[in-house]
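In structure tokens, the structure reads:
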């Protein structure tokens, strides 16, 4: 039996790695021998120039300066090196990769061994990431089956400059499922095809997998509030501080995620340097409270029935806003009231009650319908192997 090529995000980001891990494990459990393609992309500035995406070019230029600022800040060095070490070890221990494929020719040549391909979840179709065409799978022979599982655009609207390109690559897939309702609307509008809305791979897999991964003992013994803020919003961090004062819990924070954030410098009471994906799940599993602006921070809080507080990372008026991801999952499980405005007080937020039996039922129903799509996708992949 030959292998299936898994295309997914492998950035050193907790949600990206955990969803890729979950999907690869689910494929193995279904009898699909697969490798996660380790592709080294072209320079991001060249990608931006290729598609004449000025917002992308500006965003990537800002990213470069943030990286420079972070690397030259002595406070960040132990945080970044410890985190990178934890991620590197997790990937080595938990994934089956292809060799590193550098450039389009190596990618195309090596992946000729695969009979079929599955495109994973996370923001693989975000307009800001399409410069290199990797996640469009247009580099795959049209005769080989290509399916997607819970792929995400990350936005509610495709820029006019990318509508034609998006329509073309979507039309090449044999089966499409998306992670958000807004994504299904985009697919139908551009192609006329129905796309199924499926849960993130971290939800598709059984929670027992996360229990086994995170371990039976908390890494932090005292009661704590786990804070995972990716965005640069001091007000949300102030909420966590007030919550800590009110509850007597310590703050355990994963800081400076995507950029150097000044308000993160003195934020938190507990320092834990080597925070990889395993530690991330453990921190949420054993937290008393969770404060986050993250999609996967929210997902794991729901799965572990945590008293959590999710905030918006973006303004809803931004065209590049990714708030729809969080709104979608909260709506599905009946927890739309857990997406708080920055003006909320801990007293008001704590007053919100959650019927976890109802939430768990909704989540299980979503998982069940997603599993049905996944099994049909597996049949498509296995058909290509026979």
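In the numbering used here, the protein residues as written are 14 to 399. Glycine included, each C-beta is placed from N, C-alpha and C at the ideal position.
Next on the checklist: Alpha carbons only, please: which of 209, 195 and 241 is nearest the one belonging to residue 385?
Outcome noted: Checked all of 209, 195 and 241; the closest Cα to residue 385 is 209.
Next on the checklist: Excluding the 5 residues flanking residue 64 on each side, which residues of the same chain have their C-beta closer than 8 Å to its C-beta?
Outcome noted: Caution applies to residue 64, whose pLDDT of 43 falls short of 50 and renders its modelled position unreliable; the value that the coordinates give is listed next. If the five residues before and after residue 64 are omitted, its C-beta is found closer than 8 Å to the C-beta atoms of 143, 144, 174, 175 and 178, all from its own chain and listed in chain order.
Item to check | For residue 115, the residue or residues it bridges with in DSSP | outcome: DSSP output for residue 115 lists 53 as bridge partner(s).
Checklist entry - DSSP on residue 391, reduced to helix/strand/coil? => result Helix, per DSSP.
Checklist entry - Is it a yes or a no for the stretch 134 to 141 touching the stretch 90 to 110, going by three-plus beta-carbon pairs under 8 Å? => result Not touching, per the Cβ criterion.
Checklist entry - Given 8 Å as the limit, is there contact between the stretch 268 to 284 and the stretch 242 to 249, that is, 3 or more CB pairs closer than that? => result Three or more Cβ pairs closer than 8 Å define a contact, and the stretch 268 to 284 meets that threshold against the stretch 242 to 249.
Next on the checklist: Could you check whether the Cβ of residue 214 sits closer than 7 Å to any Cβ belonging to chain B?
Outcome noted: Annotation note: the requested chain B is absent from the structure, which comprises a single protein chain.
Next on the checklist: Quick check on residue 264: does DSSP put it in helix, strand or coil?
Outcome noted: Reduced to three states, the DSSP call for residue 264 is strand.
Checklist entry - Which first and last residues belong to the alpha helix (DSSP H) in which residue 28 is found? => result First-last of the alpha helix (DSSP H) with residue 28: 27 to 42.
Item to check | Host alpha helix (DSSP H) of residue 107 (start-end) | outcome: Residue range 90 to 107 is occupied by the alpha helix (DSSP H) that includes residue 107.
Item to check | residue 300 (DSSP reduced to helix, strand or coil) | outcome: Three-state result, residue 300: coil.
Checklist entry - Three-state secondary structure (DSSP) at residue 197? => result The DSSP-derived three-state label of residue 197 is helix.
Checklist entry - Tell me, which residues are paired with residue 292 by DSSP? => result Bridge pairing for residue 292: absent [DSSP].
Item to check | Enclosing beta strand (DSSP E) for residue 340 [first to last residue] | outcome: Premise fails: residue 340 lies in the alpha helix (DSSP H), 336 to 345, not in any beta strand (DSSP E).
Checklist entry - Could you give the residue range of the beta strand (DSSP E) that holds residue 237? => result For residue 237, the uninterrupted beta strand (DSSP E) segment begins and ends at 237 to 241.
Next on the checklist: For the structure I just gave you, are there three or more beta carbon pairs, one from the stretch 252 to 271 and one from the stretch 195 to 208, closer than 8 Å?
Outcome noted: Touching, no.
Next on the checklist: Would residue 307 and residue 365 qualify as a contact pair, given that the criterion is a beta-carbon distance under 7 Å?
Outcome noted: No Cβ-Cβ contact shorter than 7 Å links residue 307 with residue 365.
Next on the checklist: I'd like the list of long-range same chain contacts for residue 195, defined as Cβ closer than 6 Å, with 5 residues on each side in sequence excluded.
Outcome noted: These residues qualify, in order along the chain: 169 and 337.
Checklist entry - Given that a residue counts as buried once 16 or more other Cβ atoms are within 10 Å of its Cβ, and exposed if not, what is residue 31? => result It counts as buried.
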